[in-house]
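The next block holds one structure in the form of structure tokens; read it before the comments.
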Amino acid sequence: MSRYNPREAEPKWQSIWADQGVDRAGREASDRPKYYVLEMFPYPSGKIHVGHSRNYAMGDVVARYKRARGFDVLHPMGWDAFGLPAENAARERQVHPRDWTLKNIEVMRGQLKRLGLSLDWDREIATCEPDYYKHQQAIFLKLMEKGLVERRKAKVNWDPVDNTVLANEQVIDGKGWRSGAPVVQRELDQWFLKITDYADSLLDGLETLDRWPEKVRLMQANWIGRSRGAHITFPFADPADAERFGMPGITVFTTRPDTIFGASFLALAPDHAITRELGQDDPFVDSFTRDCASAGTSEEEIEKAPKKGVDLGVKVLHPFDKKWKIPVWSANFVLSTYGTGAIFGSPAGDQRDLDFARKYDLDVTPVVLPPNTDAASHSIDTEAYTGPGTIYNSRFLDGLATDEAIERCITELEKVNLGQGATTYRLRDWLVSRQRYWGCPIPVIHCGTCGVVPVPDTALPVELPRDVTFDTPGNPLDRHEGWRNVDCPECGAPARRETDTLDTFVCSSWYFLRFASPWPEDKPFDADEARRWMPVDQYVGGIEHAILHLLYARFFTRAIRDCGLIDLPDGEPFAGLFTQGMVTHETYRSEDGRWLAPTEIEERDGKLVEIEGGRPVTVGAIEKMSKSKKNVVDLDDFIDTYGADAARWFVLSDSPPERDVEYTDGGVDGVWRFIQRLWSLVDERADEIPAPGKAAGNAEGEPLEIRRVAHRAIRDVTEAIESFRFNTAVAKIHDFVNALRKFRGGDDAGKAAEAEALGILAQLISPFMPHLAEACWERLGGDGMVVSAGWPEADPSLLVDNTVTIAVQVNGKRRGEIELAKGTAKDDAEAAALADPGVARSLEGLTVRKVIVVPDRIVNIVAG
RNA sequence: GCGGACGUGGCGGAACUGGUAUACGCAACAGACUUAAAAUCUGUCGCCCGUAAGGGAUUGAGGGUUCAAAUCCCUCCGUCCGCACCA
1 MSRYNPREAE
11 PKWQSIWADQ
21 GVDRAGREAS
31 DRPKYYVLEM
41 FPYPSGKIHV
51 GHSRNYAMGD
61 VVARYKRARG
71 FDVLHPMGWD
81 AFGLPAENAA
91 RERQVHPRDW
101 TLKNIEVMRG
111 QLKRLGLSLD
121 WDREIATCEP
131 DYYKHQQAIF
141 LKLMEKGLVE
151 RRKAKVNWDP
161 VDNTVLANEQ
171 VIDGKGWRSG
181 APVVQRELDQ
191 WFLKITDYAD
201 SLLDGLETLD
211 RWPEKVRLMQ
221 ANWIGRSRGA
231 HITFPFADPA
241 DAERFGMPGI
251 TVFTTRPDTI
261 FGASFLALAP
271 DHAITRELGQ
281 DDPFVDSFTR
291 DCASAGTSEE
301 EIEKAPKKGV
311 DLGVKVLHPF
321 DKKWKIPVWS
331 ANFVLSTYGT
341 GAIFGSPAGD
351 QRDLDFARKY
361 DLDVTPVVLP
371 PNTDAASHSI
381 DTEAYTGPGT
391 IYNSRFLDGL
401 ATDEAIERCI
411 TELEKVNLGQ
421 GATTYRLRDW
431 LVSRQRYWGC
441 PIPVIHCGTC
451 GVVPVPDTAL
461 PVELPRDVTF
471 DTPGNPLDRH
481 EGWRNVDCPE
491 CGAPARRETD
501 TLDTFVCSSW
511 YFLRFASPWP
521 EDKPFDADEA
531 RRWMPVDQYV
541 GGIEHAILHL
551 LYARFFTRAI
561 RDCGLIDLPD
571 GEPFAGLFTQ
581 GMVTHETYRS
591 EDGRWLAPTE
601 IEERDGKLVE
611 IEGGRPVTVG
621 AIEKMSKSKK
631 NVVDLDDFID
641 TYGADAARWF
651 VLSDSPPERD
661 VEYTDGGVDG
671 VWRFIQRLWS
681 LVDERADEIP
691 APGKAAGNAE
701 GEPLEIRRVA
711 HRAIRDVTEA
721 IESFRFNTAV
731 AKIHDFVNAL
741 RKFRGGDDAG
751 KAAEAEALGI
761 LAQLISPFMP
771 HLAEACWERL
781 GGDGMVVSAG
791 WPEADPSLLV
801 DNTVTIAVQV
811 NGKRRGEIEL
821 AKGTAKDDAE
831 AAALADPGVA
841 RSLEGLTVRK
851 VIVVPDRIVN
861 IVAG
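Each residue of the first sequence is one higher than the one before, starting from 1 at the first, in full-length UniProt numbering.
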């Protein structure tokens with residue numbers, strides 16, 4: 001008996017697969033159906049650890065399984081290669097970002113290859129290469145032509161540590177997502193992509209994504225945040241105000257126009273144009289505005305911040321009553337970035353308005369009567385009623401239900417030309433400017449006479465200059481005179497290049513299209529090829545991308561479609577999405593609080609100590625494997641010891657794929673034992689039995705039980721893979737191996753059944769442990785390689801049992817077990833159940849009232 | 001505050017459409033082999049009572065629907081995730 005040695009076997013099979021090109025996707029359409037499986041491509045940050053491998057292992061199971069089932073599978077890999085860490089590395093270690101990135105790519109590519117992933121490496125792309133980003137620049141210019149790009153002054157989130165602008169999505173709790181530094185507000189000229197033009201499409205499209213997790217769809221829907229309501233204009237009471245502010249009145253957004261007769265004040269955002277204008281003359285208003293601007297933006301501070309405001313002294317008129325004057329305030333809880341930056345306060349129906357009204361002693365008139373209350377007894381004290389009801393105290397709206405009143409109010413507003421139905425969104429346009437070197441240059445030129453001029457197609461790509469320095473903060477492109485100074489492509493006068501680069505999320509918003517056709521040099525992709533492969537059938541990645549990346553990619557795909565680059569009617573890039581859990585590991589700290597890697601500690605006399613120095617180690621929380629906590633297990637180290645199959649099998653075992661799985665040494669030992677047990681099972685019997693496929697089990701007579709076991713395993717493992725439950729697939733394979741280990745085929749029929757079962761085993765493990773599967777297949781004498789042996793079909797006749805064991809309950813408690821022929825009639829089952837001695841005993845002294853028989857399932861006797 | 005998910009042995013978890021709860025793995029324990037250890041193999045293994053046969057309670061807590069509930073409904077408790085004054 002030999003041991004299985006992955007160190008020899010794995011490289012051998014990897015080179016055979018590579019030589020035969022088994023992982024390559026078809027270059028042309030064939031009669032095989034297509035299947036596009038994609039894992040979110042990695043940022044080349046250094047090395048891959050066991051935690052990263054889970055994502056790829058899952059994608060590879062799907063890829064190998066689908067290929068075995070006869071699909072033409074596209075399973076590509078590339079590098080999300082632009083980004084800040086490369087610049088940080090440049091600053092810290094005096095290496096060029098490009099050199100640092102390319103070196104990481106090389107290391108990580110080697111690691112992915114060692115994992116035995118069935119990737120089509122012919123299609124590898126790196127987003128930092130000009131042959132990728134030049135197409136991105138061309139797409140950007142197309143979006144510009146299409147009116148989807150805007151340059152405008154905007155108050156932006158400025159990260160003072162990273163010295164760059166952040167998108168709203170990248171500000172978490174008022175801090176930069178990467179640096180963790182408090183974000184400050186600055187006003188700058190910025191580039192935006194008009195994702196808001198697609199708000200409805202992106203929201204409505206979610207409903208068609210039935211193979212996406214409900215959670216992700218919900219998060220995106222909330223992020224887009226569509227609200228239907230109305231815009232209402234309150235005319236200025238004093239015509240001089242209309243003149244002064246250059247508008248007839250103040251327009252607000254509301255979702256509750258039905259409460260219009262409860263209006264007791266208007267409130268403007270502290271940075272609303274009118275507030276700011278008034279602040280210029282009124283020091284009191286001005287100081288209020290400043291106070292609000294400097295208030296904290298963290299979750300806690302917002303929650304605790306009391307409502308406060310200032311009376312602006314301006315009055316407006318109620319849209320339905322020219323004699324009704326309403327005071328205009330500015331209030332700290334009104335956001336300038338949502339709706340029109342102004343609201344009308346209807347305190348009885350909104351808690352914030354009520355808090356505000358009580359504080360400043362403004363009118364509170366209830367206008368919505370909750371169901372089953374009467375007007376005389378209903379009053380509002382400190383709690384607003386925000387639910388639906390019957391409108392009262394509201395003139396022509398009296399007696400209407402909330403929904404009817406909303407409609408009616410809008411109709412009336414339209415008649416007097418002071419409002420109309422409106423929809424607003426929480427979603428903001430996508431700010432894509434980054435004041436960074438290591439990104440895709442925005443391909444425009446600023447000319448004193450011609451303004452913003454797109455770089456002509458023929459001059460693409462706008463390549464990043466190599467000779468830059470990182471010794472001073474800020475954007476090196478800004479300081480690079482030779483690169484920055486150019487002639488205007490239109491008038492030829494001296495002009496300057498745009499020095500902002502694109503947010504790296506742009507790079508990852510279309511890479512899946514390039515994968516489908518990475519060869520054209522003159523266009524981003526071949527439209528027919530992209531159409532053939534798209535959409536991605538199965539996308540696999542982390543939940544942390546639920547909003548940013550997935551929303552941007554959905555938008556970008558629609559925008560590309562609308563530029564006529566691809567015929568993809570619904571614009572959805574990812575038909576199926578799976579968000580996998582992370583690999584976690586214990587964390588360790590030294591006496592003085594340093595994080596320690598698992599390789600830096602060992603157990604001595606039952607206590608964990610530092611290997612160097614022997615000082616005690618404290619065990620901390622179990623957390624997601626990450627470099628910063630040092631709780632990572634290097635993939636190369638792991639493969640050196642246990643092999644790639646062990647890594648793949650481990651990360652797929654035990655926990656459901658969407659949940660986290662904890663890395664433990666015990667679990668890894670178990671995997672190693674299982675691999676050796678499985679191999680010795682095959683190795684011990686291979687010489688005694690026929691080759692798989694050479695004997696189809698025992699065709700005559702009653703099939704052996706082991707055949708039933710094998711075919712049930714086919715059914716169960718297939719179902720588990722199809723439904724992304726890899727942990728139960730692993731458990732079913734364990735069951736199958738345990739059964740096989742107890743079985744020895746004595747006669748020819750038995751040996752034939754054993755050969756069949758072992759062949760099936762090799763096929764079933766092949767998506768999970770492809771190297772071991774090949775080794776087993778070869779040892780068994782199978783034809784060719786298991787990778788081309790297809791997927792086994794379960795024989796339906798072997799899936800049905802002739803007898804079933806069913807439970808007998810008395811009053812819902814299990815009292816016995818009976819064995820019956822499958823399909824036994826209800827009467828016979830009842831008789832058999834009553835005849836069971838255990839059942840009879842528990843029925844003593846009772847009268848049988850009713851017997852429920854669920855055929856082949858259960859018998860329940862009701863007695864009393 | 002709003003929205004969502006989840007809660008099953010010492011641990012990770014399994015359980016089809018309501019139909020024998022605890023599959024599979026880890027850990028633990030006992031034994032075999034061995035000078036010994038490791039490795040390997042065999043067996044035991046959720047809880048309570050019992051030597052055993054057997055019995056009892058049990059899927060966060062409480063209630064309900066049902067012949068039958070981990071699964072459906074209600075209330076509560078707890079954990080996790082997303083959003084954040086969104087008018």
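Where is the CB? At the ideal position from N, CA and C, for every residue including glycine.
Residue pairing from DSSP places lysine 624 in a beta bridge opposite Thr584.
Only exposed fits proline 494, as fewer than 16 other CB atoms lie within 10 angstroms of its CB. Taking 8 Å as the cut-off, the beta carbon of leucine 513 is found no closer than this to the beta carbon of isoleucine 442.
The beta carbons of phenylalanine 192 and arginine 152 sit about 7 Å from each other, so the pair counts as a contact at 8 Å. The secondary-structure analysis by DSSP pairs valine 848 across a beta bridge with Ala863.
Going by DSSP, threonine 340 is part of no alpha helix (DSSP H) at all; its letter is neither H nor E. By the neighbour-count criterion, in which 16 or more other beta carbons inside 10 Å mark a residue as buried, lysine 215 falls on the exposed side. Taking a C-beta distance under 8 Å as the contact criterion, glycine 782 and glycine 759 qualify as a contact pair.
Note on geometry: alpha-carbon atoms of threonine 251 and alanine 240 lie some 17 Å from one another. Restricted to the segment 370–429, the alpha helix (DSSP H) segments that are unbroken, complete and at least 4 residues in length are 402–415, listed in chain order. For histidine 231, the uninterrupted beta strand (DSSP E) run begins and ends at 227–235, by DSSP.
Spanning the alpha carbons of glycine 474 and proline 319 requires a straight line of approximately 51 Å.
Around the CB of tryptophan 519, fewer than 16 other CB atoms lie within 10 Å, so the residue is classed as exposed.
Taking a cut-off of 8 Å on C-beta distances, the segment 849–857 touches the segment 819–829, as three or more cross pairs fall below it.
Residue environment: valine 717 is assigned as buried (16 or more neighbouring CB atoms within 10 Å of its CB, all protein chains considered). About 5 Å separates the CB atoms of leucine 362 and serine 264; that is less than 8 Å, so the two are in contact. By the neighbour-count definition (other C-beta atoms within 10 Å, threshold 16), valine 416 is an exposed residue. Scanning Glu407, Asp735, Pro690 for the CA closest to the CA of alanine 753 turns up Pro690.
DSSP, read as helix, strand or coil, puts proline 283 in helix. Contact between the segment 253–269 and the segment 346–354 is present, with at least three C-beta pairs closer than 8 Å. One alpha carbon belongs to cysteine 128, the other to glutamine 94, and they sit about 19 Å apart.
The beta carbon of glutamine 136 sits closer than 6 Å to the beta carbons of Cys440 from its chain, once the five residues preceding and following it are set aside; these are given in chain order. For isoleucine 706, the closest alpha carbon among the candidates Tyr392, Ala749, Val62 is that of Ala749. Shown here, isoleucine 566 sits in coil according to DSSP, grouped into three states, outside any helix or strand.
Excluding its 5 nearest sequence neighbours in each direction, leucine 397 has C-beta neighbours in its own chain below 7 Å: Asp258, Phe261, Ile391, Ala405, Arg408, Cys409, listed in chain order. For leucine 764, the CB contacts under 8 Å within the same chain, skipping 5 residues up- and downstream, are Ala713, Ile714, Val717, Ile733, Phe736, Pro792 in chain order. Burial check for lysine 134: the Cβ neighbour count within 10 Å reaches 16 or more, so the residue is buried. Taking all protein chains in view, the Cβ of isoleucine 852 is surrounded by fewer than 16 other Cβ atoms within 10 Å, so the residue is classified as exposed. The continuous beta strand (DSSP E) containing alanine 154 extends over residues 149–159.
Between leucine 335 and lysine 325, the C-beta gap is not smaller than 8 Å, which leaves the two residues out of contact. For the pair phenylalanine 574 and proline 535, the CB atoms are nearer than the 8 Å cut-off.
Setting aside the 5 residues that flank it on each side, valine 62 is surrounded in the same chain by Val37, Gln538, each with a C-beta closer than 6 Å to its C-beta; the list follows chain order. In the structure shown, the three-state DSSP call for cysteine 450 is coil. When the beta-carbon positions are compared, tryptophan 595 and lysine 624 stay at least 8 Å from each other. The alpha helix (DSSP H) runs of length 4 or more contained entirely in the segment 632–656 are, from start to end of the chain, 635–642, 644–652. For the pair serine 626 and valine 617, the CB atoms are not nearer than the 8 Å cut-off.
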